[in-house]
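Peer 1: Numbers -19 to -1, 1 to 123, taken from mature numbering (1 follows the signal peptide of the UniProt record, and there is no 0), label the letters of the sequence shown in order.
By construction, the Cβ of each residue, glycine as well, lies at the ideal position given by its N, Cα and C atoms.
Source: prediction; values computed, not measured.
Here's a structure for you.
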Amino acid sequence: MRTSIISLFAILISAFAMAQDLNQKDVPGIVKSTFLIKFPDATNAKWEKENDNYEVAFTYDKKPQFALLDSSGNLIQTEIKITKDQLPNSILPYVKVNYRRKKIKEVAKITDVNGKVFFEVEIYKKDLIFDHKGNFVKEISK
């Protein structure tokens, strides 16, 4: 299970380099429908195609968020930008010790389709993935 989650993150991160902006009319109806059902009050939706999946950046509850859906309209994961203060207590000390001279650019809370929560810390050319308790899981180079 852990291997499949790590593989999913690696695929998602590598897909960012190959993402293509899409007009909403180019997104399959089933994908748009799932998005509208899950996030009925979302605004400012911007779509990208990542390999066979669709990523939508949007605003929901006044917060920037992302959702990744497959071409059948299944929700794969959601991501919400958070502050460093919202990370589990063990993450910032880990980054400070293991990535001394790297500045944290962004942090996010990722929830997969099964409800499992992960945290992503973006530093220079890398994403660091932590589990819901703040344990280091994986480093992904961009």
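Starting from the N-terminal side, write out each stretch of the beta strand (DSSP E) that is 3 residues or longer and does not extend beyond the segment 85 to 112.
Peer 2: The segment 85 to 112 contains these whole beta strand (DSSP E) runs: 87 to 93, 98 to 104, 107 to 112.
Peer 1: Report back the beta-carbon spacing between glutamine 5 and alanine 26 to the nearest angstrom; my notes put them in contact at under 8 Å.
Peer 2: Within the sequence shown, the letter at position 24 stands for residue 5. Within the sequence shown, the letter at position 45 stands for residue 26. So it is a contact: roughly 7 Å between Cβ atoms.
Peer 1: Are the Cβ atoms of glutamate 86 and isoleucine 63 separated by less than 8 Å?
Peer 2: For the purposes of this step, residue 86 is identified with residue 105 of the sequence shown, where counting begins at 1. For the purposes of this step, residue 63 is identified with residue 82 of the sequence shown, where counting begins at 1. It is worth fixing the name first, because residue 86 is lysine in this sequence and not glutamate. No.
Peer 1: Out of Ile11, Thr59, Ile72, Glu60, state which residue places its alpha-carbon closest to the alpha-carbon of glycine 115.
Peer 2: Here the question's residue 115 lines up with position 134 in the sequence shown. It is Ile72 whose Cα lies nearest to the Cα of glycine 115.
Peer 1: Between which two residues does the alpha helix (DSSP H) harbouring serine 122 extend?
Peer 2: What you label residue 122 is simply residue 141 of the sequence shown in a count that begins at 1. Segment 117 to 122 is the beta strand (DSSP E) holding serine 122; no alpha helix (DSSP H) there.
Peer 1: In its own chain, which residues sit with a C-beta less than 8 Å from the C-beta of threonine 15, not counting the 5 before and 5 after it?
Peer 2: Translated into positions along the sequence shown, residue 15 becomes position 34. Closer than 8 Å at the Cβ level, and outside the excluded window around threonine 15, lie Leu50, Gly54, Asn55, Leu56.
Peer 1: If we call anything under 8 Å between Cβ atoms a contact, is residue 126 one with leucine 109?
Peer 2: It is not possible to answer for residue 126, since the shown part of the chain is limited to -19 through 123.
Peer 1: Consult DSSP for phenylalanine 39 and reduce its assignment to one of helix, strand or coil.
Peer 2: Sequence index remark: in the sequence shown, residue 39 carries index 58 (1-based). Residue state, collapsed to three classes: strand.
Peer 1: Classify glutamate 120: buried if its beta carbon has 16 or more other beta carbons within 10 angstroms, exposed otherwise.
Peer 2: Residue numbering aside, residue 120 sits at position 139 when the sequence shown is read from its first letter. So glutamate 120 ends up on the exposed side.
Peer 1: Could you tell me which of Asp112, Lys19, Thr92, Arg82 sits nearest to lysine 106, measuring between CA atoms?
Peer 2: Locating residue 106 in the sequence shown gives position 125, where the first residue counts as 1. Taking only the C-alpha atoms, the option nearest lysine 106 is Arg82.
Peer 1: So the candidates are Lys90, Asp22, Val102; which of them puts its Cα closest to the Cα of proline 74?
Peer 2: Counted from its first residue, the sequence shown places residue 74 at position 93. For proline 74, the nearest C-alpha among the options comes from Val102.
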